[in-house]
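Numbering (the working numbering), first residue to last: 758 to 938. Note that the Cβ used here is the ideal one computed from N, Cα and C, for glycine as well. Presented below is the structure to which this report refers.
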Amino acid sequence: MRSDLTGWLLACVLFPATAMAQQEILVTKLTGSFEHGVGAEYRSNVAAANAAVINDKDLERATTALAPALRYCDQQQIPGRIAVSVANAEEYDHFMADHHDGMPVEWIDQACPAAYKAAAFIDVERKDFNAAIAMLAKAVAMAPYSPEPLTEQGFALNQMGRHDEALDYIRQREAKGIHNP
């Protein structure tokens with residue numbers, strides 16, 4: 758296992774973080790409300806921001822495109838309610854089993870954690886790794902079973918020379934049983 762972790766850490770050093778911005782937002786085909794969660798209308802903002810960065814290297818246009826989604830997603834953090842983005846009913850059930858405190862849970866569309874990841878990518882491009890880590894923390898909190906935010910947090914910390922903390926994020930992924938597909 759240690760060699761797997763070391764290999765992943767080396768991959769973070771050797772490969773750029775552009776894969777995060779190239780991620781396509783897919784609709785999960787499930788029954789009921791899992792097809793489109795609250796905030797699905799912001800998927801186009803995330804896609805426009807990613808296209809502006811990937812195709813044109815236009816960080817300002819990407820930031821402008823992403824701003825409405827980020828405002829919306831931040832507004833979903835309401836005291837007394839948990840906003841969570843999960844991919845399927847199994848993840849939702851697992852999340853609910855771990856949160857027995859009776860607090861209401863709102864299923865949020867994947868557009869929100871994707872918006873935070875896109876903002877983090879823009880921050881990485883600007884070499885503002887602290888801002889990237891803050892955005893990724895929001896993505897991890899909202900999408901606790903998604904591997905990308907933890908992976909990208911490890912990358913950003915590694916770029917800052919904070920290798921022990923980067924390794925901690927790898928260990929968190931492993932402890933949660935999260936693996937990239």
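Using a Cβ distance threshold of 8 Å, Ser903 and Pro870 count as a contacting pair.
In this structure, the beta-carbon distance from Val803 to Ala888 does not fall below 8 Å.
Put simply, of Asp921, Ala809, Glu931 and Phe886 the residue whose alpha carbon is nearest the alpha carbon of Glu909 is Phe886.
Here Leu893 has Ala877, Pro906, Glu909 and Gln910 as same chain residues with Cβ atoms under 6 Å from its own Cβ, once five neighbours each way along the sequence are excluded.
By the neighbour-count definition (other C-beta atoms within 10 Å, threshold 16), Gly796 is a buried residue. Taking each of Lys895, Ile927 and Val841 in turn and checking the Cα distance to Phe912, the smallest one comes out for Ile927. When secondary structure is reduced to three states using DSSP, Ile811 falls in the helix class.
Secondary structure at Ala819: helix, using DSSP grouped into helix, strand and coil. When the beta-carbon positions are compared, Ala868 and Arg800 come within less than 8 Å of each other. Each of Ile839, Ala875, Gly794 and Asp813 was checked against the Cα of Ala898, and the nearest Cα belongs to Ile839. Contact between Ala822 and Ala805 holds: their C-beta atoms lie close to 4 Å from each other, under 8 Å.
In this structure, Ser842 lies away from Asp815, with their beta-carbon atoms at least 8 Å apart. Spatial neighbours of Ala809 in its own chain (CB-CB distance under 8 Å, excluding positions within 5 residues in sequence) are listed in chain order as Asp815, Leu816, Arg818, Ala819 and Ala822.
From the listed residues Glu922, Ala932 and Ala891, the smallest Cα separation to Asp831 is found for Ala891. Following the DSSP letters along the chain, one finds Val881 inside the alpha helix (DSSP H) bounded by residues Ala868 to Glu882. Relative to the Cα of Tyr849, the nearest Cα in the group Ala896, Ala900 and Pro836 belongs to Ala900.
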